[in-house]
Amino acid sequence: MTGAMIGGCGGGAVGESDALASSSDSSRTIAARRDALKELTATALITADLRLKIEAADSVAQIQSLTTQAIDAFLAEHEFDGKAAFKMLEKVCALGSRTSGSDGMRKQQELLLDTFEKLDAEVEMQLFSARHPIDGSAVPMANMIIQWHPNRTKRVMLCAHYDTRPFPDNDPDPDKHKALFVGANDGASGVGLLVELGRFMKDLQGDVGVDFVLFDGEELVFESQRDPFFLGSEHFAREVAAGALEQQYEAAVLLDMVADKELQLYQEINSCRYANDLVQEVWGVARRLGIRQFFSRRRHEVRDDHLALNEIARIPAIDIIDFDYPRPSSGRTTYWHTTNDVPQNCSAVSLARVGTVMLEWLRQRVGN
Ligand code: ZN
0 MTGAMIGGCG GGAVGESDAL ASSSDSSRTI AARRDALKEL TATALITADL RLKIEAADSV
60 AQIQSLTTQA IDAFLAEHEF DGKAAFKMLE KVCALGSRTS GSDGMRKQQE LLLDTFEKLD
120 AEVEMQLFSA RHPIDGSAVP MANMIIQWHP NRTKRVMLCA HYDTRPFPDN DPDPDKHKAL
180 FVGANDGASG VGLLVELGRF MKDLQGDVGV DFVLFDGEEL VFESQRDPFF LGSEHFAREV
240 AAGALEQQYE AAVLLDMVAD KELQLYQEIN SCRYANDLVQ EVWGVARRLG IRQFFSRRRH
300 EVRDDHLALN EIARIPAIDI IDFDYPRPSS GRTTYWHTTN DVPQNCSAVS LARVGTVMLE
360 WLRQRVGN
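Anchor point for the sequence shown: position 101 equals 100 in numbering that gives the first Met the number 0, and the numbering is continuous, going up by one each time.
Have a look at this one:
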């Protein structure tokens, strides 16, 4: 994820070809330097000292090693393993599309069931079915409810959607509107983060239990104006409201699009409207930890799975979402729902930042 390039040049020639080799070598070095500075600026790991070292470095290998060292040093300072979370993000993306009812979704469910059971969680598949927006057929759906310490009746919830939009229909190139959409940030980022966080859950002391809930059918949407979003969270919320579940949730945090390499997390407006105390609690944790990618300012009003939790289930729920993907100041158009929502535009560093805040928040909330 460091934008690694293969360096080296075929030496051995003389005269003109030597000159050619050395000029292509220097253009490789220039490109490597530019990529390294871009990567380290995007992930906010650049320092004046590091910039000087990269500018002085005269080989691709040296530049790459400086970049990797900076990223590894950052990741090593964090107990939450951003690299492992990123690997899971990549693994899930390698399954291809995970649209509700698809083969990719079934494979993802098998992978996650196995992964969470190995982390000593109890996993319930909350099955339901939805109408396919195009042909009207029944689509099998499943929310995954992943629990630790199920006997603790007071609980908090972390959640994410784990389905992907059927197509990248927001791609700037209309020819790509039926291409593969892998949803690295929009789908896989929440999954990768929760899997990694899951490693800490068994040992969380205190009297509050933790559930992770993965929602299906967040966007079985072929046409935004016509097709319903949030099928999974609405089903889950109705079950909670009907008293079908034993657990009482005190709070819920939704994670959506949390791996953008250029991470910027503003306080989302609906979250502030419904559960401002919880927003301030989480952003307060980030501030104390010095994680500056959580901005204490409101921006974006997002309709997402947290609405059903607030409105139907009456659980105070917030959405941690980076809706600027990438930063607007980068001059590029959004990657959201495009073929650019790929692992290369995400980062282990961003997952480490959000994961660290979530782990600390859980420890405070759960009581150890
Ligand atoms: Zn989406």
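For every residue, glycine included, the Cβ atom is placed at its ideal position computed from N, Cα and C.
Have a look at the DSSP bridge pairing and note the partners of residue i.
i	result
Trp147	Val209
Ala316	Ala251
Arg130	Ala137
Gln125	Asn142
Lys153	Gln247
Leu158	The sequence shown places Cys at residue 158, rather than the Leu named in the question. Cys158 is bridged to Val212, Leu253.
Cys345	Asp259
Residue i to residue j, Cα distance in whole Å?
i	j	result
Leu126	Ala258	28 Å
Arg326	Ser346	14 Å
Lys201	Ala84	18 Å
Arg364	Ile45	33 Å
Val138	Leu254	25 Å
Glu78	Thr355	7 Å
Leu308	Asn184	22 Å
Leu110	Val348	24 Å
Glu249	Gly208	10 Å
Leu118	Glu245	22 Å
Leu378	Glu121	Outside the displayed range of the chain (0 to 367) lies residue 378, so it cannot be described from this structure.
Leu94	Leu192	17 Å
Met287	Ala251	The sequence given here has Arg at residue 287, not Met. Their backbone Cα atoms lie some 21 Å apart in a straight line.
Val278	Ala316	9 Å
Val13	Asp57	Note that Val13 has pLDDT 43, beneath the 50 cutoff, so the model's placement of it is unreliable and the number below is only indicative. Roughly 22 Å separates the two Cα atoms.
Glu372	Ala30	Limits of the chain in this structure are 0 at one end and 367 at the other, which puts residue 372 out of reach.
Ala312	Gly189	21 Å
Gly186	Ala274	24 Å
Thr338	Lys175	7 Å
Val38	Thr66	It is worth fixing the name first, because residue 38 is Glu in this sequence and not Val. Between Glu38 and Thr66, the C-alpha separation is close to 8 Å.
Val155	Asp210	6 Å
Ile144	Arg302	22 Å
Lys106	Asn169	26 Å
Asp172	Ala285	38 Å
Val341	Gly182	7 Å
Given residue i, which residues of its chain have a CB within under 6 Å of its CB, disregarding the five upstream and five downstream residues?
i	result
Ile268	Arg297, Glu300
Asp323	Gln263
Glu233	Ala307
Ile177	Checking the displayed sequence, the identity of residue 177 turns out to be Lys instead of Ile. Cβ within range, chain order: Phe166.
Ser396	Coverage of the chain is limited to positions 0 through 367, which leaves residue 396 absent and any answer about it impossible.
Tyr334	Tyr324, Asp340, Asn344
Where does the unbroken beta strand (DSSP E) through residue i begin, and where does it stop?
i	result
Leu118	Counting along the chain, Leu118 falls outside any beta strand (DSSP E), and DSSP gives it neither H nor E.
Tyr265	264-266
Ser296	Contrary to the premise, residue 296 reads as Arg rather than Ser in this sequence. Start and end: 293-297.
Among residues of its own chain, excluding the 5 on either side of residue i, which ones have a beta-carbon nearer than 7 Å to its beta-carbon?
i	result
Leu264	Gln292, Phe293, Phe294, Ile319, Asp321
Ile133	Phe221
His131	Val138
Asp304	Cys158, His160, Phe214, Glu217, Phe229, Ser232, Leu253
Thr114	Val194
Mind checking residue i: buried by the 16 CB within 10 Å criterion, or exposed?
i	result
Thr152	exposed
Gln204	exposed
Met124	exposed
Glu261	buried
Leu68	Rather than Leu, the amino acid found at residue 68 in this sequence is Gln. By the neighbour-count rule (16 or more Cβ atoms within 10 Å), Gln68 is not buried but exposed.
Ser99	buried
Ala55	exposed
Thr163	buried
Gly7	Because the pLDDT of Gly7 is 32, which lies under 50, any placement of that residue in the model is unreliable, and the number read from its coordinates should be weighed accordingly. Per the 10 Å Cβ criterion, exposed.
Ser96	buried
Leu51	exposed
Asn150	exposed
Thr332	exposed
Gln343	exposed
Leu358	buried
Ala75	exposed
Output the boundary residues of the alpha helix (DSSP H) element that contains residue i.
i	result
Arg236	Note that residue 236 is Ala in the sequence shown here, rather than Arg. Residues 230-240.
Phe166	Premise fails: Phe166 is in no alpha helix (DSSP H) and is neither H nor E.
Lys86	81-92
Ile389	Absent from the structure is residue 389, since the part of the chain shown begins at 0 and ends at 367.
His336	Looking at the DSSP string, His336 is not in any alpha helix (DSSP H), and its letter there is neither H nor E.
Leu196	188-197
Quick one: does residue i have its CB under 8 Å from some CB of chain B?
i	result
Val239	The structure shown contains no chain B; it holds only a single protein chain.
Note down, in chain order, each residue of its chain lying with its Cβ closer than 8 Å to the Cβ of residue i, except the 5 sequence neighbours on either side.
i	result
Gly366	Gln204, Gly205, Asp206, Val207
Arg32	Ile53, Glu54, Ala56, Ile62
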